[in-house]
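Chemist: Let me give you the structure first, and then I'll get to my questions.
Next up, the structure:
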């Protein structure tokens, strides 16, 4: 009797898990359709102020006052405004769109890099 109840319970749980998995695949499409809306919201400009720790033709690293480092990738043919005017060790303000992460690659646009006076 107990085995039968356990079997029925496990069967119900498996069916619910499969239904949830199938439902999440469908809602994944919905999430993708909302991505345009979310990326539109990410187009808002933000700033990060910190020390320029590394500068190359294709990327640079800025460390904020709390010690968090952020790597920004750039297109060497379209450098952000002010990029040529800053040097390693300078305090800079980076204006960007998108989201910052210490661990994930930067996905956004760098508007400018300005030396803090």
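In my numbering, the protein residues as written are 10 to 126. Heads up, the beta-carbon is just placed ideally off N, CA and C, and yes, glycines get one too.
1. Per DSSP, residue 124 is paired with what?
2. Helix, strand or coil: how does DSSP classify residue 16 here?
3. Quick one: Cα of residue 78 to Cα of residue 110, how far?
4. With DSSP as the reference, please indicate the residues paired to residue 95 in a beta bridge.
5. Which same chain residues, not among the five before or five after residue 117, have their C-beta less than 6 Å away from its C-beta?
6. Note down the Cα distance separating residue 82 from residue 91, rounded to an integer number of angstroms.
7. Confirm, please, whether the CB-CB distance from residue 100 to residue 60 is below 7 Å.
8. Can residue 72 and residue 102 be called in contact, C-beta distance under 7 Å?
Modeler: On the basis of the supplied data:
1. Residue numbering aside, residue 124 sits at position 115 when the chain shown is read from its first letter. 101, per the DSSP bridge assignment.
2. Against the chain shown, residue 16 aligns to sequence position 7. It is helical.
3. Residue numbering aside, residue 78 sits at position 69 when the chain shown is read from its first letter. Residue numbering aside, residue 110 sits at position 101 when the chain shown is read from its first letter. Using only the alpha carbons, I get a separation of about 9 Å.
4. The residue labelled residue 95 in the question sits at position 86 within the chain shown. Beta-bridge pairing links residue 95 to no other residue.
5. Start at 1 with the first residue of the chain shown, and residue 117 comes out as number 108. Result list for residue 117: 105, 106, 107, in chain order.
6. Along the chain shown, read from residue 1 onward, the residue named residue 82 stands at position 73. Along the chain shown, read from residue 1 onward, the residue named residue 91 stands at position 82. Each residue's alpha carbon lies about 15 Å from the other.
7. Locating residue 60 in the chain shown gives position 51, where the first residue counts as 1. Locating residue 100 in the chain shown gives position 91, where the first residue counts as 1. Their beta carbons are under 7 Å apart, which means residue 60 touches residue 100 by this criterion.
8. Mapped onto the chain shown, residue 72 falls at position 63. Mapped onto the chain shown, residue 102 falls at position 93. It is not a contact, given that the beta carbons lie outside the stated cut-off.
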